[in-house]
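The structure is reproduced here in structure tokens:
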């Protein structure tokens, strides 16, 4: 039971880590798609720039709030350390929206709805000019990230079944009490008896402690996922979308090789620069 629970806890930890990274990847992909769909827009440049700015801020806020929501819910919202995650210029959002967000019980879902609403409004205003079938990609990635968030929420909110954890603890206590008597039947040396009793009991209790520590990878413990570092990475990727260098489209240098056969020969001879 102890080994099985430790394995399950390890799987929960890595599932939580995998899902949070997939969630971040999906939402960055959605933000990148939304902004790239405005490249060919004929709308006013000021409106385009404002739209990109608010999209980046909302995605940063969405990611931060989702990580905060995954934290253990023992504390109130104001006391959760994850709610102190840095967002991209949070004060850049209007005061009424921030007040509504503070009062909302489902903060992640509210920001998610804001992003969807802004995208729909931008389509009507001509800010996003891509064909509708292509625009659905952004919605697909946005929804995929939300599914990953709820999968993470399942790990954070649903603990190991109480009967299973209590049965494991009870068996460990019984093992702890019976081991010294069993060791005395197999050895006549008190020293050897004490050493083997300590080792066998210690190993099982260490595995039990590890399983408890790994069951929920979200929180403020030392062995939990570093959500501050994850939020920092997300912000850096979102800010890249606003960097002027990302708006410049790559072109050929003028010294390129155009002949297909020559390119194949260069690849075979490993002469690629």
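In this note's numbering, the protein residues as written are 306 to 578. Ideal Cβ placement from N, Cα and C applies to all residues, glycine included.
Inter-residue Cα distance where the pair is residue i and residue j
i: residue 433; j: residue 340; result: 8 angstroms
i: residue 435; j: residue 344; result: 9 angstroms
i: residue 466; j: residue 412; result: 28 angstroms
i: residue 532; j: residue 369; result: 8 angstroms
i: residue 470; j: residue 396; result: 45 angstroms
i: residue 437; j: residue 366; result: 26 angstroms
i: residue 439; j: residue 352; result: 22 angstroms
i: residue 512; j: residue 311; result: 6 angstroms
i: residue 562; j: residue 549; result: 28 angstroms
i: residue 542; j: residue 392; result: 12 angstroms
i: residue 408; j: residue 418; result: 16 angstroms
i: residue 316; j: residue 565; result: 48 angstroms
i: residue 441; j: residue 480; result: 58 angstroms
i: residue 567; j: residue 425; result: 48 angstroms
i: residue 405; j: residue 451; result: 21 angstroms
i: residue 390; j: residue 313; result: 29 angstroms
i: residue 553; j: residue 400; result: 34 angstroms
i: residue 402; j: residue 326; result: 28 angstroms
i: residue 350; j: residue 559; result: 31 angstroms
i: residue 398; j: residue 574; result: 56 angstroms
i: residue 537; j: residue 462; result: 25 angstroms
i: residue 354; j: residue 472; result: 59 angstroms
i: residue 555; j: residue 429; result: 30 angstroms
i: residue 464; j: residue 496; result: 41 angstroms
Own chain residues within Cβ distance below 7 angstroms of residue i, not counting five before or after
i: residue 431; result: 346, 347, 348
i: residue 256; result: Since the displayed the chain opens at 306 and closes at 578, residue 256 lies outside it and no answer follows.
i: residue 380; result: Legend: pLDDT at residue 380 = 49, less than 50; position of this residue unreliable, value from coordinates given subsequently. Cβ within range, chain order: n/a, list empty.
i: residue 449; result: 331
i: residue 394; result: 362
DSSP state of residue i mapped onto helix, strand, coil
i: residue 312; result: helix
i: residue 416; result: helix
i: residue 509; result: helix
i: residue 438; result: helix
i: residue 557; result: coil
i: residue 376; result: coil
i: residue 261; result: Residue coverage of the chain in this structure runs from 306 to 578, which leaves residue 261 outside it and unanswerable.
i: residue 451; result: helix
i: residue 522; result: coil
i: residue 562; result: coil
i: residue 569; result: helix
i: residue 494; result: coil
i: residue 546; result: helix
Cβ-Cβ distance between residue i and residue j below 8 angstroms
i: residue 453; j: residue 328; result: yes
i: residue 524; j: residue 376; result: yes
i: residue 372; j: residue 535; result: yes
i: residue 318; j: residue 427; result: no
i: residue 364; j: residue 332; result: yes
i: residue 528; j: residue 518; result: yes
i: residue 324; j: residue 456; result: yes
i: residue 337; j: residue 557; result: no
i: residue 492; j: residue 505; result: no
i: residue 477; j: residue 510; result: yes
i: residue 320; j: residue 460; result: yes
i: residue 458; j: residue 374; result: yes
Cβ neighbours of residue i in the same chain (closer than 8 angstroms, five flanking residues each side left out)
i: residue 421; result: 444, 447
i: residue 322; result: 522, 530
i: residue 423; result: 356, 359, 360, 363
i: residue 551; result: 545
i: residue 416; result: 363, 366, 367, 370, 406
Other residues of its chain near residue i: CB distance less than 6 angstroms, five sequence neighbours each side excluded
i: residue 335; result: 443, 446, 447
i: residue 342; result: 433, 435
i: residue 501; result: 488
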